[in-house]
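In what follows, a structure is listed as C-alpha cells, so that the remarks can point back to it.
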Ligand SMILES: Nc1ncnc2c1ncn2[C@@H]1O[C@H](COP(=O)(O)OP(=O)(O)OP(=O)(O)O)[C@@H](O)[C@H]1O
Ligand SMILES: Nc1ncnc2c1ncn2[C@@H]1O[C@H](COP(=O)(O)OP(=O)(O)OP(=O)(O)O)[C@@H](O)[C@H]1O
Ligand SMILES: [Mg+2]
Ligand SMILES: [Mg+2]
C-alpha cells in the first residue's frame, strides 16, 4: 500500500474549490487502482482539511512528513500553498501543487515543489495571445485599448500585473486600471469610469464569485467592449446559470475543458461528471492531474525514498487527458509544467474552447455585440 | 385576618449566590393597611421587597399575593397581578422624557384604560412634575428622579404598592410632602408596604411596623405601641 | 503571585521538554503558544482595561511584515526587526488609541475593526510599502549560534519564550500600580478619575504595550509561515480569533487567554482531523457550549466560583 | 456624458446602493439598540435569507419577492428561537459573552449552509436583474430601486412600530432599563425575543431582496455584510432605526464618489473613514442621543 | 486663615438650562462647608464643576492659590481633591481593599506601602474586616464608607461629600457624623451636600443654600435655618 497525503480546503472560505479538487483526486484514484495501483500496491489517499488556513495546513504537513508519506499534494490558496511549499522543501518532502496558480510558488521555486497546472505568467500570455489572434483574424475590428478591473487578492493582482506587462509589450494601450476589495459588490462606479474610456478589451480578474455581479452591472450601465474576458469566475458552470444570456461572448482562460482536442478529454469529463453529480470544471481536472502525476512518479520511483520520488517527478514526461506534463526549468521557473492554457468562450450558454487554434472546438465569435442590440 | 391579607410572606429564606441574607422572615399586609418595614442598613429589607416582586426567588418558605402563591413569578407578572414596586435606584428610562416614563408606567391594558385618571391623580400629588414633564428623566437630579419613580408606580393603578426608601435623597420639605402623599395614597385604601430609614416618619404614617435586624425579624406590632418601645427609641429614633 | 510564578515555571518546564517528547507535533504547539501570547496581550487591553479590540491582527501583520521585509529587502536579522516592529506597533497603538479612546464599550470595538480594515487595505494596495497583494517570502534567515531558525524546534522555543514573557508581564502588572489603574479604568472611568487616574493615558499605555507584545508574536509567526499574504495576516478573522481565545479562556485573568488558546486550538485541530467538512460547524457549537455553561470564560468562571465560595464561608462562619 | 451628468449618475448610484446598505443595517441597529449586543451573526442571517430565496426559487420557481412571504416569518421564528435558547441565557453575563455567542452562531450558520448547499456562489437569475430605466438622463437600476423601496417601506413600518404602538414603546422601555420595564409590567424576555426575531427577519428580508443583485457564498459573504451593517448602524446612530437609512445613504454616496473620483481600490476604506470621523465627532452617531451624567 | 479652596462665579449650563448660576464659595482647612437646597437645585452639578467632572460655562477655581480652572478632573485629584459620588461607584469586580488600593496608589508607588495606607484608611472608616470581600456585595452603609475610603486614600486637602448620609439608619448616621467631624479635626477642608439637616446643623461651620442654581442664602447653620426663603424653599414648616 502506498499512501499519498493531500492537504485540501474542505471547510472555510475555499471549500467550494476543495470539493471540486477532491472529486478530481478521487476519479484519478479509482483509475489508478483499477489499473493495478502502484507497482501492484493499492494507492491510498489521505485527504486532510486545512480549514482554509495556513496554520492548520502546516500542522498537517508536519504530520504527513513524520508519517513518511512519499509526497504531499496541496493546496488551493497561495497563502496556504506558499508556506506549505517552504516547509516541505525544508523537510525534503516532494510536493505537487494542487490548485495554487501564483507564480511565486514555482518562481524561483524549489527542487521539491512541482506544479503541473498553470500560473499567472502562462494565463496572462494565453489571454494576450488570444487578443492578438482576434486582432489578426478580423483586421477591420480595431483592438487597441484595454481596461483592467481586478480584485486585490493575490491571484487577481498577479494576473493583472502580468496583463499590464504584456499589454505594453504588445502595443495595447491601458486605458483603465482599477482594483477593488471584497465587499458588497457594486462595480458601477468603476464600470462608469470605464465607459468614459471606451475600451476595446475588458480584462477582468475577479474573485471567484464577483464576475456574476460585474457582468450584470456591465449590462446595466451599458459598458460595451469588443472583447470581454473575465478570469476564473466565468469558467464556472454556475456563471452561465446566474448571468443567463448576458454571459454569451465572455471569454475566460482555463487549464482544461471537456471539448479540448486532447485524447480522452471527453471520457474524463463523463467520469468527473458522474463522480461530482453535477457539471465539472477545470478544477476537478486539475485535481485529477495532480494525482496522475504523483502516481506516475511513484511508479518510477522507490516510494520509500523521497529523494527517488523527487527525482522521478523531475523526470516526469507523461500525457494525460488534461495536459502533457514535463517539469522544466525556464524563465526563472523551477518545477513548473509549461501547460498550455485554453481560452473558452461562452456561446449560447455553453463553454466552448476557441483558442489556441489547434485545440479549439469552434471559432470565437467576435466582436462582442453591444448590449443594446442583444 | 388571613383571608383579607393581600400580601403574606411566610417564613422565607433569601440570599444571593451562596450567601443567605434573610432568615425565616414572615410578614403580612392587610387590605387597606400601610405597613412599615424598618431595620438597619443591610438587614435585608430590600431583599424582601425584591423577593415579593419576583426579582429573586425565595430559597424556602412562600409568598402569597392576593391569595395566590407567587412561585417563580417574574417582576412583570407581579406588575400584571397589580403589584407596583418603587425600587432602589429608581429604575427610570433615562433617555425618555418624564411624560414618556409615566405613559410607560401605564403600559398594562387595565392601567391604560385608567391612564388619564391616574395621570391627574399623580399631578395633584406631585405638582412639581408638570414643570419638567418634557425633560429627559436621566437629566433630572436624584430627588426629582425619585418623584418620577413614585409617580410611575402609581400610573400602574396597582392593588398594592411596595416602596423602597422613597424619601432617600429628598429635601426635607419634600420628605414631608412625599410622606403626606403616601399617607393620602394609603387613605384611598391602597395597601402599602413601606421600607424606610426615616423611622419617625414611618411610625407616624403607618398602621403597623416590622423590624428586621441582620436578616432576622426582631419585633413587630402596631405603630403606636412601638413608638414607645425602648429598643425602637434607642436604635431608630436616637433618643 | 507565587502561585502564578509556579504556573509559569510549570509552563516553561513542560515547554522545554515538549520538543523531545512530541517532535512531530510542533506546529500545532507553536500555534497554541502564539495564540496564548496574542490573546494574553490582547487581554491586557480587553480584559484588564475593558477595551476589547477586534483589530489586533494589525499588529500580528505588522510584526510579520517587519521581519519578512526587513530580511528580504534589507537583510536585517529578525531580532532587530522584531524590536523595530514592537516600537512601531507601540507608536501605531498610540495614535490608534488617541483616535479611538474617547469611545466606550462596543463603539471602541467597532472602531478597532474599522482601523484594522483600513490598515489591511493599505498593506494590500501600497506595493512599495508591503510588496502588495501577492505577499512576501522569507527565503533566508541568519543562524545565530548555528541555530536554524527555520526549524520547528527553534520556532517552538521562540514561541514559548514569547508566551512566557507576555504572561510574566501580565503577572507582574496584575499586582502592580499600573494593573490596578487598568482595572479601575475598566470598571468606571469617572471613579478612576476621582482616584487621580488619567483614563486616556492609562488606556494608551495599555494599548501600546499590548500592540508591541502582539507584534513580537507576529514576527515569530512570519518566520513560521515563511510566506505572508496581507489578506490573511491582516484579516478580521484573525483579529476575531484572538479576541475569541481571550474571552473563551476568561477575560481579565492571568491564565485565561492561555487556557483559551489551548482549548480552542486543541479542539479545532481535533475537530479538523475527525469531522472533515463539518469541523467548523462543530467548532461553532463548542463556542456556544462554552458561552452557555461558562459565560465568564473557563478560568474566569473558576475564579469567580472560588471567590464566592470563600466569601460565603467567611460570612456564614 | 458631461461631467455633471456623470456626477448626478454617481450620486444616484450612491443613494441607491446606500438603500441596500441601509437594508442590511436596520436589523442590526434594532438589535443593538435594544439588546446592546453586537450581533456578529447578522450578515450570516442576511446570507441565510439569500439561500432561502435560492431554495424557494429552485424548488418552487418563486421570484425572490414572492418568497419574502415565507422567508420573513421563518426568519422571525428563527430569531425568536435563537434568542430564547442562546442569547437570553447570556444576557446577564458580561457583554463579551453575547458577542461570543453570536460568533458561534455565525460559524454554525455559515457552515450549515456550506454542508447543505456546497461552497459554490449562488444567486437567483431574474429577468429584471440588469434592467434599468432612466429619469432625467440618470440610469436607475431596477433591482436597486426595488431594494430601495423595500428599505423605505421597512423603515417606515419599523418607525411606526417603535413610536406609535404599545409594543414599540415597550421595546424602547426595555432598551432603556430592563428592570424598570419589568416593573411596569413589560415582559422583557418576550420583548428581547421579539426584537431579535425582528432583527433576523429584517436580515433575512435584506438577503432575499438582494439576491437578484448579488450572490451568496456560505462563509465569506456573511462577514462582509456584518461589517457593512456595523458601519451603517454607527453612522446613523446605534438603535436609531430611522437613521439607518441616512447612515446607509451616507455610506453609499461616500463610497461611490470615492471610487469614482479617487482611488477605487480604497472604496471600502472611504466608508470606514467616514465611520471613524463620525464616531470621533459624534460618538452617538449622526442622529443618536444619549444622556450622560456623572 | 488662608483659603484652601476658592470658587468664583461658577456657572454651568446644560443646553439652554442654567443649572448653576454664578455661585461662589471659599473654604479653609479644618472647616466644613454645608451645601443644601431643594432637589435639582444644582448642588451635585456645582460639585461636579468644581471637581472637574462637569464642563463649566464660566467661573474660576483656585486650590491653595493655584488656578486649576482648566485642569481635568484627575489632575485636580492629584493636587488635593477627594470626592464621593451621589450614587456610589465602587469598582465592582474588585475587592474592598483593591478599591481603596487604587486610590492609595496615587500617593505611593510601592504596593506594600499602598496596601498599608489602604488598610489604615479602611480601619478608619471601619471596613477593615471586609477588606477581601467583593465590593459588589456591600450593603448601602458599607458602600458609603467604601466611597469615603476611596476619597480619603488619595490624601486630599479638600474632600467633597455628596449625600453620604442619605439612607443611613440612625446609629450609622451618628457614626458618620462623628467621622466627618474627625476629618475636619485632622485639618481637612470638607464640602458636604446633605439633606439630613441634623447632620448639617451639627457639622457645618458655614452653610450655602442653593435653589434653582442660585445662591439664596448663606451663613451659619443657625442663620440659614431661620431664613424665611430657606424655610419656604427647602425646609418647610412643621
Ligand atoms: N446583588 C447582591 N449580591 C450579593 N449580595 C447582596 C446583593 N444585594 C444585597 N446583598 C447583600 O444582602 C444583604 C441585605 O441587603 P439589602 O439590600 O436587602 O439590605 P437593606 O435592608 O435593604 O439595607 P439598606 O438600608 O442598606 O438598603 C446585605 O448584606 C447586602 O450586602
Ligand atoms: N447632564 C445633564 N444634562 C442636562 N441637565 C442636567 C444634567 N445634569 C444635571 N442637569 C440638571 O441640572 C439641575 C441640577 O441638578 P443637580 O443634580 O445638580 O441637583 P441637586 O441639587 O444635586 O439635586 P439632588 O438633591 O436631588 O441630588 C437639574 O434640574 C438637572 O435636571
Ligand atoms: Mg435597601
Ligand atoms: Mg445631587
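Protein chains in written order, with the working numbering: chain C, 2 to 375; chain L, -16 to 222; chain F, 2 to 318; chain X, 354 to 647; chain V, 10 to 247. In this text, a Cβ means the ideal position worked out from N, Cα and C, and glycines have one as well.
Between the region 145 to 162 of chain C and chain F, which residues of the former have CB atoms less than 7 Å from a CB of the latter, in chain order?
-> Result list: 153, 154, 155, 158, 159.
Since residue 443 (chain X) meets chain F, which of its residues come closer than 9 Å, beta carbon to beta carbon?
-> In chain order: 292, 293, 296.
Does any heavy atom of ligand 5 sit closer than 7 Å to the C-beta of residue 171 (chain V)?
-> As presented, the structure is devoid of ligand 5, carrying ligand 1, ligand 2, ligand 3 and ligand 4 as its sole ligands.
Start and end of the alpha helix (DSSP H) containing residue 556 (chain X)?
-> Unbroken alpha helix (DSSP H) run through residue 556 (chain X): 541 to 563.
Chain C contacts from the region 188 to 220 of chain F (Cβ-Cβ distance under 9 Å) = Nothing from the region 188 to 220 of chain F brings a Cβ to less than 9 Å from some Cβ of chain C.
Can you tell me which of X:364, X:386, X:357 puts its alpha carbon nearest to the alpha carbon of residue 594 (chain X)?
-> It is X:386 whose Cα lies nearest to the Cα of residue 594 (chain X).
Taking C-beta pairs closer than 9 Å, name the residues in chain V that residue 219 (chain L) reaches, listed in chain order.
-> Residues of chain V passing the Cβ test: 178, 179, 180.
Run the CB neighbour count on residue 354 (chain X), radius 10 Å, all protein chains shown included, and call it buried at 16 or more, exposed below.
-> Bear in mind that the predicted position of residue 354 (chain X) carries a pLDDT of just 48, short of 50, making it unreliable; the figure below should be weighed with that in mind. Taking a 10 Å sphere around the C-beta of residue 354 (chain X), we find fewer than 16 other C-beta atoms and assign the residue as exposed.
Can you tell which of V:212, V:17, V:162, V:46 has its C-alpha closest to the C-alpha of residue 115 (chain V)?
-> Residue V:162 is the option with its Cα nearest to residue 115 (chain V).
When the cut-off is 8 Å and only beta carbons count, does residue 366 (chain X) lie next to chain F?
-> Closer than 8 Å: no.
Would residue 170 (chain L) count as contacting chain V if we go by Cβ distances under 8 Å?
-> No, no contact with chain V.
Assumed close pair residue 579 (chain X), residue 393 (chain X) - CB separation to whole angstroms, cut-off 8 Å | Yes, they are in contact, since the Cβ atoms of residue 579 (chain X) and residue 393 (chain X) sit about 6 Å apart, within 8 Å.
Could one say the Cβ of residue 523 (chain X) lies closer than 8 Å to chain L's Cβ atoms, at least one of them?
-> Taking Cβ atoms only, chain L reaches closer than 8 Å to residue 523 (chain X), which makes this a yes.
Ligand 2 site residues, beta-carbon cut 5 Å against heavy atoms = Per the Cβ criterion, the list is L:122, L:123, L:124, L:125, L:126, X:646, V:23, V:28, V:48, V:49, V:50, V:51, V:52, V:53, V:54.
What's the call for residue 271 (chain F), buried or exposed, on a 16-neighbour Cβ count within 10 Å?
-> Answer is exposed; the Cβ neighbour count stays below 16.
Where the region 128 to 145 of chain F meets chain X: residues whose CB sits under 9 Å from a CB there | Going along the region 128 to 145 of chain F in chain order, one finds no residue with a Cβ nearer than 9 Å to chain X.
Might you give, ordered along the chain, the residues of its own chain that have their beta carbon closer than 7 Å to the beta carbon of residue 17 (chain V), omitting 5 neighbours on each side?
-> Excluding residues within five positions, the ones whose Cβ falls inside 7 Å are 33, 68, 69.
Tell me whether the beta-carbon of residue 259 (chain C) lies closer than 8 Å to the beta-carbon of residue 568 (chain X).
-> Taking the C-beta atoms as reference points, residue 568 (chain X) is found no nearer than 8 Å to residue 259 (chain C).
What residues from chain F crowd round residue 98 (chain V), counting only those whose CB sits closer than 9 Å?
-> Chain F residues near residue 98 (chain V): 188, 189, 191, 192, 195.
Beta-carbon proximity list for residue 358 (chain C), same chain, < 7 Å, skipping 5 on both sides | Counting only Cβ-Cβ distances below 7 Å, and skipping sequence neighbours, we find nothing.
Nonlocal neighbours in the same chain, by C-beta distance under 6 Å from residue 600 (chain X), ignoring five residues either side | Once the five neighbours on either side are set aside, the close Cβ partners of residue 600 (chain X) are 585, 588, 589.
Where does residue 24 (chain L) land, buried or exposed, given buried means 16+ other C-beta within 10 angstroms?
-> By the neighbour-count rule (16 or more Cβ atoms within 10 Å), residue 24 (chain L) is buried.
Given a threshold of 16 other Cβ atoms within 10 Å of its Cβ, counted over all protein chains shown, does residue 632 (chain X) qualify as buried or as exposed?
-> It counts as buried.
How about residue 102 (chain F): is its C-beta nearer than 8 Å to some C-beta of chain C?
-> Residue contact check for residue 102 (chain F) against chain C: no CB pair falls below 8 Å.
Taking residue 74 (chain C) as part of the beta strand (DSSP E), name the residues at either end of that continuous run.
-> For residue 74 (chain C), the enclosing beta strand (DSSP E) has its first and last residue at 73 to 75.
Distance cut-off 7 Å: residue 95 (chain V) Cβ against heavy atoms of ligand 4 = A distance criterion of 7 Å places the beta-carbon of residue 95 (chain V) in contact range of ligand 4, judged by its closest non-hydrogen atom.
Coarse secondary structure for residue 351 (chain C), derived from DSSP in three states | DSSP places residue 351 (chain C) in strand when its eight states are reduced to three.
Using a Cβ cut-off of 8 Å (strictly closer), state whether residue 120 (chain V) contacts chain F.
-> By this cut-off, residue 120 (chain V) is an interface position.
Near residue 515 (chain X), what residues of its chain come up, given a Cβ to Cβ distance below 7 Å and the 5 sequence neighbours on each side ignored?
-> So the qualifying residues of the chain are 521, 524, 525, 594.
Is the CB of residue 96 (chain L) under 8 Å away from at least one CB in chain X?
-> Taking CB atoms only, residue 96 (chain L) has no neighbour in chain X less than 8 Å away.
Report whether the distance from the Cβ of residue 167 (chain F) to the nearest heavy atom of ligand 4 is below 7 Å.
-> No.
Buried or exposed: where does residue 129 (chain F) fall if 16 or more other Cβ atoms within 10 Å of its Cβ makes it buried?
-> An exposed status is given to residue 129 (chain F), since fewer than 16 other beta-carbon atoms sit within 10 Å of its beta-carbon.
Within 8 Å (strictly less), CB to CB, does residue 370 (chain C) reach chain X?
-> No, its Cβ sits nowhere closer than 8 Å to a Cβ of chain X.
Residues from the region 36 to 62 of chain F in contact with chain X, defined by Cβ distance under 7 Å = Cβ contacts with chain X: 53.
Comparing the C-beta of residue 199 (chain L) with each C-beta of chain V, is any distance below 8 Å?
-> Among the residues facing chain V, residue 199 (chain L) is not included, as its CB has no counterpart in that chain under 8 Å away.
Do the CB positions of residue 427 (chain X) and residue 507 (chain X) come within less than 8 Å of each other?
-> No; because the gap between Cβ atoms is not below 8 Å, this pair is not in contact.
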